[in-house]
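Chains as they are written, first to last, in my numbering: chain A, 220 to 375; chain B, 351 to 542.
Here is the structure we will look at.
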Amino acid sequence: MNCEEVRRSIQDYVTRELKPEDRRRFDAHLVECAECQRELALMTAVVSTLDHQMVLEPGPDFSEKVLSTLPRQRVLLLSPWWALALAPLLAGVVWLARVPIARGLDGLLGRVNVSHVTVPTLSLSQAGAGALAVALVGVAVAFGASAYAWREYLRD
Amino acid sequence: MLEHVESAPEEALVSRSARGDEQAFGVLVERYKGMLYSMAYRLMRDRGRAEDAAQESFIKAWAALPGFKGEAKFSSWLYRICYNTCISELRKKRPEVELDEAMGVPVAGPAEEFKNRDIQVVIQEEVSRLPDDYRAALTLFHFNGLSYDEIARLAHKPMGTVKAQIHRGRALLKARLLERVGWDNLKEVMWQ
């Protein structure tokens, strides 16, 4: 390495980012060059100072000020208890509303029944069974959400 | 209970804070207030503004914690918030800061006076006079211990630019140290 190459790689030498092979060539030049030794001493002083900067402390009431001004968090996670309560609630609502749901489905299917296509209309009991199936899916989803919420809640 | 919270691992404190636990967040504030304030002070060079920026950073972190998924280290995430807060403050019109007074360092005298002065004080003083970009990159690299890649992502700059800013910053500091103190004085202090 010549002086110019040494000056170019002096920072990587000090921060130990220079490849071993280049480091050996750097050392070999350094032994015989007082100017580059001076440059190295200066850069070492700079890097060492930057690496050892002190941690400064803010005023004594800093933490108190922060904690007294915390805004409300937007917590998106559903509480495990609410998720659990959601399952029977959803099932109950669908079961209670099974008659209007059945009539609604019946009417809807009747409207799409055009002359050349025969679409079977649902009886009240069939629609009730459909409503029950929807409720069961709701229960499964609600239990899934509850399980996820519990896992998050118990994570630590 | 309080002792239990104070000794809790960081991951648990972050998770509890994200669910609105102010006591757990208080422990995180205690752990990181020095780092955040020091970082803000080095970027802004003013104690009052640095304290405001550090406080604002914690408040922003608290509000954003429910969305923190842990992809980055909590400390890196916090430094990013603090960096953005400081940069946004620096872009606003700011009052002129008397550097020497703000740094608590006496005004430099003639070269002879440097014989017994700590070289580190002179370098610190010169760091505060560097351009904002150089000072920010040097602070994040040397003080916060972030890698070139982390700084590049945090500052939205190419990695080559970050590396160049760090190298130029150090070269400027070295030149100013030599200019202010002189090699003969430095040699005596460094090699005594």
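For each residue, glycine too, the CB sits at the ideal point set by N, CA and C.
Values in this document were obtained by computation on a predicted structure and should not be read as measured data.
For residue i, the three-state DSSP class (helix, strand or coil)
i: B:Lys423; result: coil
i: B:Pro508; result: coil
i: B:Lys383; result: helix
i: B:Phe418; result: coil
i: A:Glu236; result: coil
i: B:Leu496; result: coil
i: A:Pro319; result: helix
i: A:Leu289; result: coil
i: B:Leu480; result: coil
i: B:Ala374; result: helix
i: A:Ala310; result: helix
i: B:Lys513; result: helix
i: B:Val455; result: Residue confidence for B:Val455 is low, a pLDDT of 43 falling below 50, so the modelled location carries little weight; the figure read from the coordinates is stated next. Coil, per DSSP.
i: B:Met442; result: In the sequence under discussion, the amino acid at residue 442 of chain B is Lys, which differs from the Met named in the question. B:Lys442: coil per DSSP, three-state reduction.
i: B:Arg399; result: helix
i: A:Arg227; result: helix
i: B:Asp468; result: coil
i: B:Met394; result: helix
i: B:Ser388; result: helix
i: A:Ala348; result: helix
i: A:Gly363; result: helix
i: B:Asp450; result: Residue placement at B:Asp450 cannot be trusted, given a pLDDT of 43 that sits under 50; what the coordinates show is reported in the next sentence. If DSSP states are grouped into helix, strand and coil, B:Asp450 belongs with the helices.
i: B:Glu356; result: helix
i: B:Asn535; result: helix
Burial state of residue i, where buried means 16 or more other Cβ atoms lie within 10 Å
i: B:Met394; result: buried
i: B:Pro460; result: Confidence is the limiting factor: at B:Pro460 the pLDDT is only 47, short of 50, which leaves the residue's position unreliable and the question unanswerable from this model.
i: A:Val356; result: exposed
i: B:Trp412; result: buried
i: B:Lys419; result: exposed
i: A:Tyr283; result: It is worth fixing the name first, because residue 283 of chain A is Glu in this sequence and not Tyr. Counting Cβ neighbours within 10 Å, A:Glu283 comes out exposed, since fewer than 16 surround it.
i: A:Arg322; result: exposed
i: B:His610; result: Past the edges of chain B, shown from 351 to 542, lies residue 610 of chain B, and the structure says nothing about it.
i: A:Val312; result: exposed
i: A:Cys222; result: exposed
i: B:Pro456; result: In this predicted model, B:Pro456 has a pLDDT of only 40, less than 50, meaning its place in the structure is not dependable; the value taken from the coordinates is given anyway. Exposed, because fewer than 16 other Cβ atoms sit within 10 Å of the Cβ of B:Pro456.
i: B:Leu536; result: buried
i: B:Ala486; result: buried
i: B:Val531; result: buried
i: A:Gly278; result: exposed
i: B:Arg479; result: exposed
i: A:Arg212; result: Here chain A has residues from 220 to 375 only, and residue 212 of chain A is not among them.
i: A:Gly363; result: exposed
i: A:Ala354; result: buried
i: B:Arg441; result: exposed
i: B:Gly519; result: buried
i: B:Thr421; result: It is worth fixing the name first, because residue 421 of chain B is Glu in this sequence and not Thr. Exposed, because fewer than 16 other Cβ atoms sit within 10 Å of the Cβ of B:Glu421.
i: A:Leu269; result: buried
i: B:Thr435; result: buried
i: A:Glu251; result: exposed
i: A:Leu380; result: This structure gives no information on residue 380 of chain A, because the portion of chain A shown stretches from 220 to 375.
i: A:Ser379; result: No information on residue 379 of chain A is available, as it lies outside the stretch 220 to 375 that chain A covers here.
Under 7 angstroms between C-beta atoms of residue i and residue j
i: B:Ala390; j: B:Ala400; result: yes
i: B:His506; j: A:Gln230; result: no
i: B:Ser388; j: A:Val274; result: yes
i: A:Ala361; j: A:Leu309; result: yes
i: B:Ala358; j: B:Leu415; result: no
i: B:Val512; j: B:Ala521; result: no
i: B:Ala403; j: B:Glu439; result: yes
i: B:Leu504; j: B:Arg392; result: no
i: B:Glu476; j: B:Arg397; result: no
i: B:Val364; j: A:Val285; result: no
i: B:Leu528; j: A:Val265; result: no
i: A:Val225; j: A:Met262; result: no
i: B:Leu496; j: B:Leu490; result: yes
i: B:Tyr382; j: B:Leu428; result: yes
i: B:Val377; j: B:Glu356; result: yes
Cutoff 7 angstroms: residue i Cβ touching any chain D Cβ
i: A:Asp270; result: In the structure shown, chain D does not exist; the protein chains are A and B.
At which residue ranges does the stretch 251-287 of chain A contain complete alpha helix (DSSP H) runs of 4 or more residues, listed in the order of the chain? Every unbroken stretch of the alpha helix (DSSP H) spanning 4 or more residues and falling wholly within the stretch 251-287 of chain A is given here in chain order: 253-270, 281-287.
Please identify, using Cβ separations under 7 angstroms, the residues of the stretch 493-525 of chain B that lie next to chain A, in order along the chain. Answer in chain order: Phe493, His517, Arg520, Leu523, Lys524.
Could you list the residues in the stretch 273-293 of chain A with a C-beta less than 8 angstroms from some C-beta on chain B, going in chain order? Only those residues of the stretch 273-293 of chain A whose C-beta falls short of 8 angstroms from the nearest C-beta of chain B are listed: Met273, Val274, Leu275, Glu276, Pro277, Gly278, Phe281, Ser282, Lys284, Val285, Leu286, Thr288, Leu289, Pro290, Gln292, Arg293.
Contacting positions in the stretch 248-268 of chain A - beta carbon closer than 9 angstroms to chain B: Listed by position, the residues of the stretch 248-268 of chain A near chain B (Cβ gap below 9 angstroms) are Arg257, Glu258, Ala260, Leu261, Met262, Thr263, Ala264, Val265, Val266, Ser267, Thr268.
Interfacial residues, the stretch 363-396 of chain B to chain A, with Cβ spacing under 7 angstroms: Interface annotation for the stretch 363-396 of chain B against chain A: Ser365, Arg366, Arg369, Gly370, Glu372, Gly376, Val379, Glu380, Lys383, Gly384, Met385, Tyr387, Ser388, Tyr391, criterion Cβ-Cβ distance under 7 angstroms.
By the 7 angstroms beta-carbon criterion, what residues does the stretch 231-249 of chain A contribute toward chain B? So nothing in the stretch comes that close.
Check distances from the C-beta atoms of the stretch 400-414 of chain B to those of chain A and list, in chain order, the residues that come in under 7 angstroms. For chain A, the residues of the stretch 400-414 of chain B that bring a beta carbon within less than 7 angstroms of one of its beta carbons are Glu401, Ala404, Gln405, Phe408, Ile409, Trp412, Ala413, in chain order.
According to a CB-to-CB cut-off of less than 9 angstroms, which residues of the stretch 426-438 of chain B neighbour chain A? Those residues of the stretch 426-438 of chain B that come within reach of chain A (Cβ to Cβ, closer than 9 angstroms) do not exist; the list is empty.
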